[in-house]
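Q: Numbering (the working numbering), first residue to last: 171 to 260.
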Ligand SMILES: [Zn+2]
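1) What span of residues does the alpha helix (DSSP H) with residue 248 cover, start to end?
2) Any residue with its C-beta under 7 angstroms from a non-hydrogen atom of ligand 3 counts. Can you list them all in chain order?
3) Express the C-alpha separation of residue 191 and residue 245 in angstroms, rounding to a whole number.
4) Just how far apart, CA to CA, sit residue 218 and residue 197?
5) How many angstroms separate the CA atom of residue 215 from the CA atom of residue 253?
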């Protein structure tokens with residue numbers, strides 16, 4: 171099965187789910203994928219582990235239907251993530 175999504179640069183990307191592909195950056199928060207937890211979260215929820223806990227799991231039905239955070243809500247979340255010390259993100 172394949173999935174197609176649009177990146178922040180309006181480039182359409184089609185992924186083969188059987189390839190095991192994990193992008194370098196989370197498609198939601200745009201931070202670098204850091205470890206196996208992020209890779210596993212991407213394989214199940216198409217985002218990093220932080221976004222999985224923050225957005226995907228609390229909104230599981232909407233998430234599976236394609237909903238993603240956006241606008242001010244997402245920008246505030248990205249600012250919060252970028253203000254964390256790096257040792258908390260690794
Ligand atoms: Zn993320």
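Note that the Cβ used here is the ideal one computed from N, Cα and C, for glycine as well.
Fair warning: this is a prediction, and the values are worked out from it, not measured in the lab.
A: In short:
1) For the purposes of this step, residue 248 is identified with residue 78 of the chain shown, where counting begins at 1. It spans 241 to 253 - the alpha helix (DSSP H) in which residue 248 sits, taken as one unbroken run.
2) Of the ligands one can find in the structure shown, namely ligand 1, none is ligand 3.
3) For the purposes of this step, residue 245 is identified with residue 75 of the chain shown, where counting begins at 1. For the purposes of this step, residue 191 is identified with residue 21 of the chain shown, where counting begins at 1. Rounded to whole angstroms, residue 245 to residue 191 spans 26 angstroms at the Cα level.
4) For the purposes of this step, residue 218 is taken as residue 48 along the chain shown, with counting starting at 1. For the purposes of this step, residue 197 is taken as residue 27 along the chain shown, with counting starting at 1. In a straight line, the C-alpha of residue 218 is about 8 angstroms away from that of residue 197.
5) Stepping through the chain shown from its first residue, residue 215 is reached at position 45. Stepping through the chain shown from its first residue, residue 253 is reached at position 83. Going by the C-alpha atoms only, they are around 24 angstroms apart.
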